[in-house]
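Counting from 36, one number per residue, gives the positions in the sequence shown under the working numbering. Cβ coordinates follow ideal geometry from the N, Cα and C atoms, glycine included. Quick notes on the structure that follows.
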Amino acid sequence: MGAKSLDVDCNNGKCGSGDKLDVDAMVRFDSIESINIVQRSMKDSFGPRLVSFKGMLAPVQNVNRGGLGLPLLLLAFAQSASLLWQHGPEMIGLIQKATANIYTSIASEYLSATVAAIASAIIFLLAMWRMFWNSGPSPIYLVDFACFKPADECKMTNEVFLALSAKSGLFTEKSMDFQQKILASSGLGPETYVPPSMHSQPPDLTICTSMKEAEMALFTTVGDLLKRTGVKAQDIGILVVNCSTFCPIPSMSAMVVNHFKMRESIESYHLGGMGCSAGVIAVSLAQDLLKVHKNTYAIVLSTEMISGMQGYKGNYRSMMVGNCIFRWGASAVLLSNKRGDRRVAKYSLVELVRTHKAADDKSFQCVKNTEDADGIIGVSLSRELIHEAGNALKANITTLAPKILPLSEKLKFASNFVARKILKKSQKPYVPDFQKAINHFCIHPGGKAVLDGIEKNLQLSKQHMEPSRMTLHRFGNTSSSSIWYVLAYMEAKHRVRKNDLIWQIALGSGLKCNSAVWKSLRNDQFDASANPWADCVKNYPVSLTPSTSEPK
C-alpha cells in the first residue's frame with residue numbers, strides 16, 4: 036500500500052493543492068523522537084549502560100502487529116534486572132528509609148487512633164454505667180436524725196404526776212387509785228418529760244399554749260438536725276410531719292416551712308390521726324416521693340402533743356391510760372436519694388412493710404378518739420388492743436420475713452405455712468428466728484404489756500429488748516418518735532456496727548403494724564454532742580422491778 040499524501044494549502048490557513056505531506060513518515064518520526072526522548076532522560080539518570088533499542092522499534096508501528104513482542108518484553112525484563120542488580124542496594128536503602136518513614140507515620144497515626152479509640156470506649160462505658168446506675172431505683176439514705184430533749188424543768192416523776200392530777204379536781208378517788216396502779220406497772224421512770232403547761236396549776240388547756248409547745252418541739256429538733264448535717268433549709272425538697280391529735284390551721288408542716296423560710300416548691304405534708312406507727316408511715320411517704328424527685332433531701336418530723344385539749348379530763352378507765360403513759364418528745368430524720376451522700380449517711384433503707392388491719396372491726400375499734408358518756412373527749416384503748424396488735428404483727432412478719440430471712444428460715448416458714456393453710460394441719464405457726472438476719476430490734480415502747488407480748492412472740496432475748504425498755508423508762512411513750520429514741524440508745528451504747536441490720540417495729544391505731552429495716556453504713560454512730568442519751572447512758576440499763584400486770 037503506497038504512502039498516503041495530502042495536498043495542503045497553508046496560505047491564509049486554507050487547505051488546497053500545494054506541497055504534499057507524507058502522514059506515515061510523520062508517524063514514524065514522532066515514534067522515534069519519543070523513544071529518543073526517553074533514552075536521553077534515562078541516560079541522564081542512570082548513565083550510558085542502557086541498551087539502545089531505537090533501531091528495533093523504528094520499523095515497528097505496533098508490537099502487537101509484529102513478531103518482536105516477546106523478545107522485546109524479555110529484553111525489557113533483562114534490562115530491568117540489570118538495573119536492579121547494579122542499583123539494588125541503593126534502591127533497597129531508599130525503600131527501607133521510605134518504609135521506615137511510612138511505618139513511623141502509620142504507627143504514630145495508629146497510636147493516636149488507638150488512644151482516641153480507648154478514650155472513646157472508656158467514656159462510652161462510663162456513660163453506659165452511669166445510665167445503668169441511674170436507671171435503677173435510687174437508694175434511700177438516712178443522713179442523720181435528731182431527738183428532742185426538753186429542759187430539765189419539764190421532767191415529771193410519777194409522784195408529781197399524781198399530785199397534779201389530784202390538785203386539778205378532775206378525777207375521783209377511784210380514778211386516782213387506777214392512775215397510780217397504771218403508773219406503777221407502766222415501766223416509766225422518774226425523768227420523763229411533759230410540756231410546761233402541764234406543770235402549772237391549774238393546767239393551761241388553751242390551743243395557743245399547745246401551738247407554742249408544738250413550735251418548741253418542732254423548731255428545736257429541725258434546727259438541731261440542720262446544724263448537725265450542714266444542710267440548708269432551702270435545700271429541703273420534701274417535708275412530712277406527723278402528729279395524730281393536734282392538727283392546727285395552718286398545719287404543722289406550714290409552721291415549719293414558715294419558721295425556716297423553706298422554698299416555695301417544697302412538697303409538704305401533715306399526717307394526722309395515724310397513731311404511734313405514723314413515724315414509719317411518714318418515712319414510707321418520703322420514700323415514695325424521693326423515687327419521683329431526684330437529688331432531693333426530705334425531712335420526716337414526728338411528734339405528739341399531750342397538753343391542752345389533747346389530755347383526757349374524765350373518769351373512764353379505758354381513756355385514762357393515755358394520760359399516764361404518753362410523754363413529750365419529737366424526732367427529725369433527714370433522708371436523701373443523692374448517691375454521693377452514701378459517704379456521710381448513717382443508714383440506708385433496706386425494706387419497708389406496712390400492714391393495715393382496719394378492715395377488721397375489732398382492730399379498727401381498739402384505739403379510738405371518742406367521747407365518754409359525759410361528753411368528754413379522749414382516746415380510748417380497748418381490752419382487745421394487745422391481742423389485735425399481735426395479729427397485726429403476725430401479718431406484718433408474714434410479708435417481711437421472705438424479704439430478709441436466710442434460705443434455711445424461709446424453707447421452715449414456707450413448709451409450716453403450707454401445712455397449716457393448704458394441708459389444714461393443726462400445728463402452731465412457725466416463728467422464724469429473726470436473730471439470724473437482724474442484729475438489732477428497735478421496737479416501739481408503747482407500754483410494758485406491748486413489749487412483753489412482742490418479746491414472747493418473736494422469742495427475743497433480754498438484750499434485744501433492752502433498748503426499748505430503757506427508752507420507755509427514760510422518755511416514756513413519745514408516740515411516733517419513740518423508735519428514734521430507741522435507735523439513739525443503741526448508738527449511745529456503741530452497739531451499731533457497719534453492715535448491721537436494724538429492724539424498727541411500730542404499732543398504732545387502725546390497727547397498723549409497720550416495719551422498716553435499715554442497714555448501718557458506719558462502725559460507730561455515736562455523737563455525744565447530739566444524742567439525747569449522752570448525759571445519762573452511763574446509768575443504763577437499770578434494773579426494772581417486776582410488777583403486777585396492768586389493772587383491768
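Counting other Cβ atoms within 10 Å of its Cβ, Cys282 stays below 16 and is therefore classed as exposed. Distance from the Cα of Ile489 is smallest, within the candidate group Ala449, Ile540, Ile157, for Ile540. CA-to-CA, the gap between Gly375 and Gly265 works out to about 15 Å. Contact annotation: the segment 311-320 touches the segment 510-520, with at least three C-beta pairs closer than 8 Å.
Along the length of the segment 249-336, whole alpha helix (DSSP H) runs at least 4 residues long occupy 287-295, 313-327, reported in chain order.
In chain order, Met211 place their CB closer than 8 Å to the CB of Ala201, counting only its own chain and leaving out the 5 sequence neighbours on each side. When DSSP reads this structure, Trp538 sits in a beta bridge with Phe476, Val552. DSSP lists Glu406 as the beta-bridge partner residues of Ile412.
The beta carbon of Ser383 sits closer than 8 Å to the beta carbons of Pro174, Ile175, Tyr176, Leu177, Arg377, Trp553, Lys554, Leu556 from its chain, once the five residues preceding and following it are set aside; these are given in chain order.
Around Lys392, the same chain offers Ser398, Ala427, Leu546 as residues with beta carbons nearer than 6 Å, after the five sequence neighbours per side are excluded. C-alpha of Ser417 to C-alpha of Leu197: approximately 23 Å in a straight line. Closest option to Arg509, judged by alpha-carbon separation, among Gln498, Thr256, Tyr524: Tyr524. Residues Phe448, Pro467 of the same chain have their beta carbon placed closer than 7 Å to that of Ala436, with the five preceding and five following residues left out of the count. Judged by DSSP in its simplified three-state form, Asp559 adopts coil rather than helix or strand.
Take Gln462, set aside five residues on each side of it, and the residues of its chain with a beta-carbon closer than 8 Å to its own are Asn451, Ala454, Arg455, in chain order.
Spanning the alpha carbons of Ser245 and Pro237 requires a straight line of approximately 15 Å. Taking 8 Å as the cut-off, the Cβ atoms of Thr434 and Val388 count as close. Within the same chain, Ala484, Val485, Gly488 come within 8 Å of Ile421 by CB-CB distance, once the 5 residues on both sides are set aside.
With respect to Cys311, His475 sits apart: the two C-beta atoms are not nearer than 8 Å. In the structure shown, Cys401 adopts coil according to DSSP, grouped into three states.
With fewer than 16 other beta carbons inside 10 angstroms of its own, Lys296 counts as exposed.
Nearest C-alpha to Val385 among Ser550, Cys359, Ala408: Ser550. Looking at the DSSP output, Leu218 sits in no beta bridge, so it has no partner there. By the C-beta density criterion, Pro567 is buried, having at least 16 other C-beta atoms within 10 angstroms. Distance from the Cα of Asp270 is smallest, within the candidate group Val195, Val292, Glu250, Phe254, for Val292. In this structure, DSSP gives Val368 an extended state, which the three-state scheme calls strand. Rounded to the nearest whole angstrom, the C-alpha separation of Lys267 and Gly364 is 24 Å.
In the structure shown, the three-state DSSP call for Cys182 is strand. Per DSSP, Val229 lies in no beta strand (DSSP E) segment and is marked neither H nor E. In the DSSP assignment, Tyr520 forms no beta bridge with any residue. When only Cα atoms are considered, Val402 and Gly308 end up about 11 Å apart.
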